[in-house]
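What follows is one structure encoded as structure tokens, with my remarks underneath.
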Amino acid sequence: MLTPYQHRQLHRLRWTAFIVVGLAFVLSFFHRFAPAAIAGDLKAAFAIQSAALGSLAATYFYVYTVMQIPTGILADTLGPRRIVAAGGVIAGLGSLLFGLAPSFEWAAAGRLLVGL
């Protein structure tokens, strides 16, 4: 049986986990649509045509789709806490790489990391 203090701590921990995972979901939703919002800037910054821009935007979706089953298996074996934490760190690094990308290739690598 939990003491009142332990019960409050557990309740607080549950809400914290819910908020962190919820924010990660909102961030992933943002990454789905961000290239469309800044399409003109991306085309100008990397001197690319619309087809290349489409490939850049699709990189996230391709990797995201391929990683669904492996990520689920990893979450079952290693635990969701570790997978969510690792995914958040990898996506954060990918976001930084995409935002600071000096070339199209680096931007695509950033999108790839975000999709993981």
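One gets the numbering used here by counting positions in the sequence shown from 1 and adding 37 to each.
For glycine and all other residues, C-beta sits at the position ideal for the given N, C-alpha and C.
In this structure, the alpha-carbon of A128 lies about 7 Å from that of G152. Distance from G147 to F135 at the Cβ level is roughly 3 Å; contact confirmed, criterion being Cβ atoms closer than 8 Å. DSSP places Q86 in the coil class of the three-state scheme, outside both helix and strand.
Between the C-alpha atoms of Q86 and L111 there is a straight-line separation of about 38 Å. Between A144 and F98, the C-beta gap is not smaller than 8 Å, which leaves the two residues out of contact.
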